[in-house]
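With my numbering applied, the sequence shown covers 231 to 469.
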Amino acid sequence: MKIALIGYGKMGKAIEEIALAKGHEIVVKITSKNKEECTAENLKKADVAIEFTGPESAYKNIVQCLEANVAVISGSTGWTENLDKVKELCNKLKGTFLYASNFSVGVNLFFELNNYLAKLMHSHSDYNVLIEEIHHTQKKDAPSGTAITLAEQILQQITTKKNWVNAISENQNDLSIISKRIDPAPGTHKIQYTSAIDDIEIIHTAHNRKGFASGAVVAAEFIKNKVGIFTMKQVLGFE
């Protein structure tokens, strides 16, 4: 498989290492220093583009890939206010797109656990729920995209919570997310249900970036030669 890497920071380099080890070819590398090379002509050299940049550039990069008729997966966070526009464009162009706030297999299993636990806790109003996430100080957005996904799952199941806030809140309708930035910390997410009697916690801790990078390559392999909008649930066979 021929891959275009859009974003060549720590994550991009980890993806490259895993992709090459699996026999794939990196045909395009777009960095902050050669943005002008992110053209339709160059993108068309690839079977799939893997986009890991930042909130300020992700949307434009994804649109460029779709307009070049190149399948694209994105793990960038902080841009999802434009996610519906991307899906609309993808459907219009009959393109291929997959977005995940986190590509790690372990984190996606954690999503499934979080959703199931929230369903169980729905009728137990004695418990209050809180999310805590810890990342390295270079992470640009807070809360993390993974924390937002976890929060959205909880809000769907526990109807007494109306919205999430990135702070400790005394309002019982708020789901608090506490974001901490500490080095070195690839990523920890904790869901805590607390009552006067006991606490229930589930925690996922990443030890390095390999899990995220490996999942991104698996996702790229999955969407090659497919048409449509996909999620990691389909990649991992959860639905």
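Every residue gets a Cβ at the ideal spot worked out from N, C-alpha and C, and that includes glycine.
Nearest-angstrom beta carbon gap, residue j and residue i [assumed within contact, 8 Å]
i, j, result
"His-405", "Ala-381", "The sequence as given places Leu at residue 405; His does not occur at that position. Rounded, the Cβ-Cβ distance is 6 Å, consistent with contact."
"Ala-450", "Val-278", "4 Å"
"Tyr-346", "Ser-425", "That belief does not hold up - the Cβ atoms of Tyr-346 and Ser-425 are roughly 19 Å apart, past 8 Å."
"Thr-307", "Gly-375", "3 Å"
"Ile-432", "Ile-421", "5 Å"
Separation of residue j from residue i, as counted between CA atoms
i, j, result
"Ile-283", "Gly-237", "The residue asked about is misnamed: residue 283 is Thr in this sequence, not Ile. Roughly 5 Å between the two C-alpha positions."
"Val-258", "Leu-319", "23 Å"
"Pro-416", "Ala-298", "33 Å"
"Ile-361", "Thr-261", "33 Å"
"Pro-285", "Trp-309", "5 Å"
"Gln-464", "Asn-338", "11 Å"
"Lys-290", "Ala-270", "13 Å"
"Asp-429", "Val-359", "10 Å"
"Gly-336", "Glu-400", "32 Å"
Pair within 7 Å by beta-carbon distance, residue i and residue j
i, j, result
"Ile-412", "Ile-364", "yes"
"Ile-280", "Leu-235", "yes"
"Ser-334", "Thr-379", "no"
"Glu-247", "Lys-232", "no"
"Val-447", "Ala-251", "no"
"Gln-387", "Lys-349", "yes"
"Val-300", "Leu-273", "yes"
"Phe-341", "His-434", "no"
Residue-chain proximity (residue i, chain D), Cβ-Cβ < 7 Å
i, result
"Asn-345", "No chain D appears in this structure, which consists of one protein chain only."
Could you say if the segment 318-326 and the segment 448-467 meet the contact criterion of at least three C-beta pairs nearer than 8 Å? yes
Uninterrupted alpha helix (DSSP H) stretches inside the segment 433-458 (no shorter than 4 residues): 440-453
Inter-stretch contact (C-beta, 8 Å, three-pair minimum) for the segment 440-447 and the segment 237-251: yes
Quick one: which unbroken alpha helix (DSSP H) runs of 4-plus residues sit fully inside the segment 261-330? Chain order, please. 270-273, 288-297 and 313-323
If you scan the segment 370-434 from start to end, which runs of the beta strand (DSSP E) of 3 or more residues do you find wholly inside it? 393-395, 404-411 and 418-424
Within the segment 335-367, note down every full alpha helix (DSSP H) run reaching 4 residues or more, in order along the chain. 335-351
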